Structure formats: C-alpha cells, structure tokens
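Student:
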Amino acid sequence: MTYDASLPQSDRSTQTAAGHWVLARAGKRVLRPGGLNLTKRMLAAANITGQQVVEFAPGLGRTAQLIIAEKVSSYTGVDQDAAAVARVENIVKDAGGTVINANAQTTGLSSESADVVVGEAMLTMQGDKTKADIVAEAFRLLKPGGRYAIHELGLTPNDIDTQLAEDLRKQLAQTIRVNARPLTEKEWCAILVSAGFEIEWVGTSPMALLSIRRNIADEGFGGVVRIVKNVLSDKDLRTRILSMRAVFNKYRNHLTGIAIIAKKPAR
Ligand SMILES: C[S@@+](CC[C@H](N)C(=O)[O-])C[C@H]1O[C@@H](n2cnc3c(N)ncnc32)[C@H](O)[C@@H]1O
Numbered sequence: 023m024t025y026d027a028s029l030p031q032s033d034r035s036t037q038t039a040a041g042h043w044v045l046a047r048a049g050k051r052v053l054r055p056g057g058l059n060l061t062k063r064m065l066a067a068a069n070i071t072g073q074q075v076v077e078f079a080p081g082l083g084r085t086a087q088l089i090i091a092e093k094v095s096s097y098t099g100v101d102q103d104a105a106a107v108a109r110v111e112n113i114v115k116d117a118g119g120t121v122i123n124a125n126a127q128t129t130g131l132s133s134e135s136a137d138v139v140v141g142e143a144m145l146t147m148q149g150d151k152t153k154a155d156i157v158a159e160a161f162r163l164l165k166p167g168g169r170y171a172i173h174e175l176g177l178t179p180n181d182i183d184t185q186l187a188e189d190l191r192k193q194l195a196q197t198i199r200v201n202a203r204p205l206t207e208k209e210w211c212a213i214l215v216s217a218g219f220e221i222e223w224v225g226t227s228p229m230a231l232l233s234i235r236r237n238i239a240d241e242g243f244g245g246v247v248r249i250v251k252n253v254l255s256d257k258d259l260r261t262r263i264l265s266m267r268a269v270f271n272k273y274r275n276h277l278t279g280i281a282i283i284a285k286k287p288a289r
C-alpha cells in the first residue's frame, strides 16, 4: 500500500514509525486516548469562545477544527513535526489561525499572550523533565486566570502497583515505539500543581483508541470502513496495529483517557 506522503513520518517504514503515525497511515484522524467526546467535554469546560487559544501538538488538526468552530479570537498551533504544521495550517488559515514549527517546551511565543492553552496526547510521550518544561511553558504563555486544558493517557487506580505500572509503561513504549509515560490522575494533577496551577476540572473516558465503537464515534462509519480496508490490505499495518491493540487490551483495566483543566491563578 502507498501512504499519503503528506503524513508525518511517511518516510519511515510501518515497522518503525511511531504508533500514532501508524494509526494515521491506517486512516485515523483522532489520536488521543479519550476520543472526540472527551475532547468536546474538555473544550466546553475550558470556555474557549472569544478567547486567544494556543494548541500544543495539534497533529492532524482535528481539535484545531473544533477550536476554530468555537469562534475563538485567535488560534496558534505549535507542533514539532513540519508535516503536521503544514496540514494544520491548511485547516486554520482561512480563520486567521497560524501554526509554528517548534517544541512546546520552547515556543518562543510571548508571555501572558494566551487565555487558553490546549494540548492532547503529547505530554504522555515525554520524560519527567520535558513534561515539567512543557507545563511550565503553558504557565508562562497564559494570562493570569487563563486555563491549560490537557487530554492524556491515565493510569488507574491512583494506587496502582508500582511493578504493574512499570511493566505497562515498558510494553506500551515497545509497541508504540514512543517513550510513553502515562501517569495516574494524582500524578498528572501533581505536575500541574507544582507548576503553579490550580485544578479546576477532571474528566475521564475509557482508553478505547482501537475499539470499533469508539472509531465509529470518532472517525464516522465511512472512516471505519476505510481503516478496516487499509488494515486488511497491508500486512505490516495489521501486525503493528494488532500488537498495539493486544497491549491496550491486556492493560485495559489500568488505562484511561483523562482530561484536566488547570487554572493559572488570577493576580
Ligand atoms: C499522538 S499525536 C497527537 C495529535 C493530536 N493532539 C491528537 O490528539 O489527535 C502527538 C503529536 O505531538 C507532537 N509533539 C510531540 N512532542 C512535542 C513537543 N515536545 N512539542 C511540540 N509537539 C510535539 C507530535 O509531532 C504529534 O503531532
């Protein structure tokens, strides 16, 4: 099968590309663990209409579309992948949005220039230091009283056995070929609080990235037919996706999609 050359990592083989870009190759556009529904609940809780919004790691731009549709006063995307930047630019430019090719930990954007910072499925794939650096950058960009909305992979319960959590992280990292480090709700909140944020809202939704039901909700019926066709006709794609699904299933009682709204205290 030939892949869409405008997708990130289209130069890498299916065996070695990062899991989320393998899913994109198969036709998936919603790449966050709690699905579109948790994203919509999170955006509603973040109150973005009329606000200046920065999105970290927009990826293929599905949430960028939702943000623009809320009549925000400005949209700025920040992604480290140049191919992702080009795709999202196409989605937001007519609404006056811009996208920069930079790391979320050093965006170069002005301090206190955003009302809301959104970031999905991007902190999970960073080590502890980079997680803290990205959260600190969100804090710097926000005006006092502004909100940081995250949607990430959660571990459950809060007192999950340490060895189980370690095994899970190892197998997840192996199968998705990204250093995935999901955290418990308590741990996600602690990172935000130590950067100076106050926790305002927490929502969860099952981690169902590869369930048929979730995919019909997120990608539409036509989207699922396309994904199934692609997976059936490409052995490498099938092998990667089945191996990811096996790990997600093995640990399904300990994985969750988690979204948090954290507020920068008003002065
Ligand atoms: C799993 S995809 C998620 C895309 C999108 N947010 C979604 O939920 O569908 C991860 C995205 O994070 C971007 N990314 C990862 N680390 C980043 C960083 N430190 N700074 C900016 N972008 C980053 C990748 O380029 C990719 O677009």
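Throughout the sequence shown, residue numbering follows my numbering, covering 23 to 289 in sequence. Note that the Cβ used here is the ideal one computed from N, Cα and C, for glycine as well. The structure presented is a predicted model; accordingly, all values stated were derived computationally and were not measured.
Once the 5 residues before and after residue 267 are set aside, which same chain residues still bring their CB inside 6 Å of it?
Tutor: Here the set comprises 232.
Student: Sorry if obvious, but does the Cβ on residue 276 come closer than 7 Å to a heavy atom of ligand 1?
Tutor: Checking the Cβ of residue 276 against ligand 1 gives no.
Student: Is any heavy atom of ligand 1 found at a distance shorter than 7 Å from the C-beta of residue 142?
Tutor: Yes, Cβ of residue 142 sits closer than 7 Å to a heavy atom of ligand 1.
Student: Beta strand (DSSP E) containing residue 284: first to last residue?
Tutor: Here the beta strand (DSSP E) through residue 284 covers 277–285.
Student: Do the segment 253–268 and the segment 38–46 make contact, defined as three or more Cβ pairs closer than 8 Å?
Tutor: Yes, the segment 253–268 is in contact with the segment 38–46.
Student: From the DSSP output, in three-state form, read off residue 169 for me.
Tutor: Residue state, collapsed to three classes: strand.
Student: Where does residue 184 sit, in a helix, a strand or coil, going by DSSP?
Tutor: DSSP places residue 184 in helix when its eight states are reduced to three.
Student: List the residues that DSSP assigns as beta-bridge partners of residue 55.
Tutor: Bridge partners of residue 55: none, in fact.
Student: Along the chain, which unbroken stretches of the beta strand (DSSP E) at least 3 residues long are found entirely within the segment 220–261?
Tutor: Runs of the beta strand (DSSP E) inside the segment 220–261: 220–228.
Student: Helix, strand or coil for residue 15? Go by DSSP, reduced to three states.
Tutor: An answer regarding residue 15 cannot be provided, because it is not within the stretch 23 to 289 covered by the chain.
Student: Going by DSSP, name the residue or residues bridged to residue 44.
Tutor: Looking at the DSSP assignment, residue 44 forms no beta bridge with any residue, so it has no partner.
Student: Going along the chain, which residues of its own chain have a beta-carbon closer than 7 Å to the beta-carbon of residue 166, five neighbours each way excluded?
Tutor: Same-chain partners within the cutoff: 286, 287, 288, 289.
Student: Suppose contacts are defined by Cβ-Cβ distances below 8 Å. Is residue 74 in contact with residue 116 by that definition?
Tutor: Going by C-beta atoms, residue 74 is not nearer than 8 Å to residue 116.
Student: Closest to residue 279 by C-alpha separation, out of 108, 163, 236, 79, would be which residue?
Tutor: Comparing Cα-Cα distances from residue 279 to each of 108, 163, 236, 79, the minimum goes to 236.
Student: Can you tell me whether residue 274 is buried or exposed? The criterion is at least 16 other CB atoms within 10 Å of its CB, across all chains shown.
Tutor: Looking at its Cβ environment, which holds fewer than 16 other Cβ atoms inside 10 Å, residue 274 is exposed.
Student: To test your reading of the DSSP string, which unbroken alpha helix (DSSP H) runs of 4 or more residues are found completely within the segment 79–146?
Tutor: The segment 79–146 contains these whole alpha helix (DSSP H) runs: 84–91, 104–114.
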